[in-house]
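Under the working numbering, the letters of the sequence shown match residues 264 to 566, in that order.
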Amino acid sequence: MNTAKRLLTLAESLGCSAKENEPMSLHTTFKIGGKAKLFIKVNSKENFRTLLLKAKDFGMPINVIGNGSNMLVTDDDIDAVFFQLSGGEFDEIKLIDDTTIVCGAGVSLAKLCLFACENSLTGLEFAYGIPALLGGAVFMNSGAYNGEIGNVIVSCTHITPNGEFQTLPKSALDFSYRNSAYKSNGCYVTDVMIKLCKGNKSEINDKMKDYMARRRDKQPLEFPSAGSVFKRPENHFAGALIEQCGLKGKTIGGAQISRKHAGFIINIGNATCADVLDLIEFTRNTVLAETGVELEPEVLLIK
Ligand SMILES: Cc1cc2nc3c(=O)[nH]c(=O)nc-3n(C[C@H](O)[C@H](O)[C@H](O)COP(=O)(O)OP(=O)(O)OC[C@H]3O[C@@H](n4cnc5c(N)ncnc54)[C@H](O)[C@@H]3O)c2cc1C
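In structure tokens:
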């Protein structure tokens, strides 16, 4: 039996769902990506540790995916195992005192925001509408409307590449604009402690609805995408620069610069990773030549 089959058998014996040759286009909001050797939905920390260490033993490259909303995955097949933290303790949200939440890394930000609202807790409204799982949001330090996930975090628990669980306080997690310690420490977030403030439920609800309405108004949510493709350059907005260069609607293959929001590249039908990469390069070159500003991709290339 090859190593992927052995890992699949082990995952299934632990009650995890596992698939071989799984199209990653099914797991990314861009709807782009070749087949992963193995895709495992892992349902507990202990099972995650077991499978992670076994994959490492087998020498299989390892990826962890959240909701796939900031990923551009290669069109080629990928000789790696992808883990998604899903169900069981990864899906739990608990209130441990009036204002402190402990939450599994597999919880969606939408569910977490609704939980906070239900408990009249304010501070997370900005995150409603970011289509992330909490682990991916921490990795990216996602943010919007002057809020960032790092601002509300007390501590994160993660598993190290050697299979040890550790809890680190926010001060050790290096949060900055779209950045966290997880971009370089090789650890995987398993659960997160969050501190919010007591607020008024209907005001929290109104704020969340307002942010969502603004997104629907300004963003091309009807098309597959990975949100804003580029980071915000200092003193500029990427979308405004791209628009200024007349690139709205620019299309390569199935990838297009959104006419609604120039910061988004959308998949208008069967876009490939190569189409998106070509469009990113074209955009960067044009914006640099015409405005002198260098755009840095926010979206992560997975190959
Ligand atoms: C329509 C749309 C709107 C968006 N709006 C915003 C916005 O307003 N603000 C914003 O910041 N972003 C936005 N995004 C981008 C995206 O949602 C965020 O970057 C988000 O944080 C990615 O989360 P994810 O769970 O999808 O992570 P993924 O894309 O699945 O993964 C991102 C990275 O996180 C890593 N990762 C995932 N889970 C874990 C874990 N448990 N432990 C360690 N590493 C992990 C992955 O390995 C990968 O490197 C938007 C995207 C879309 C499609």
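Glycine included, each C-beta is placed from N, C-alpha and C at the ideal position. From a predicted model like this one, the values you see are computed outputs, not experimental measurements.
**Q.** DSSP state of L301 mapped onto helix, strand, coil
**A.** strand
Q) Apart from the five residues just before and just after A400, which ones in its own chain have a Cβ nearer than 8 Å to its Cβ? A) G329, L372, A390, I393 and I412
Q. Alpha carbon to alpha carbon, what distance is there between T362 and D339?
A. 46 Å
Q) Looking at C-alpha atoms only, which residue of S276, E388 and E557 is the closest neighbour of S405? A) E388
Q. Hey, would you say F493 sits closer than 7 Å to E544, going by beta carbons?
A. no
Q: Tell me whether L558 sits in a helix, a strand or coil according to DSSP, three-state version.
A: coil
**Q.** Cβ-heavy atom distance, V305 to ligand 1, below 6 Å
**A.** no
Q: Thinking M323 and A343 are a contact (beta carbons under 8 Å), I'd like their distance in whole angstroms, please.
A: 6 Å
Q | CB of K294 within 7 Å of CB of P487, strictly | A | yes
Q.
I'd like the ranges of any alpha helix (DSSP H) spanning at least 4 consecutive residues and lying wholly in the stretch 318-405.
A. 372-381 and 397-403
Q | G490 - DSSP class collapsed to helix/strand/coil | A | strand
Q. Among K374, G351 and T423, which has the Cα closest to the Cα of L277?
A. G351
Q) In or out: K470 buried (at least 16 other Cβ within 10 Å) or exposed? A) buried
Q. Are the Cβ atoms of F527 and P483 separated by less than 7 Å?
A. yes
Q. From T291, L289, G296 and T313, pick the residue whose C-alpha is nearest to that of L271; which is it?
A. T313
Q. Who are the Cβ neighbours of A444 in its own chain at under 6 Å, not counting the five residues just before and after it?
A. L436 and D437
**Q.** Selected residue, minimal CA-CA separation from E485, among A503, K523, H499 and T453
**A.** K523
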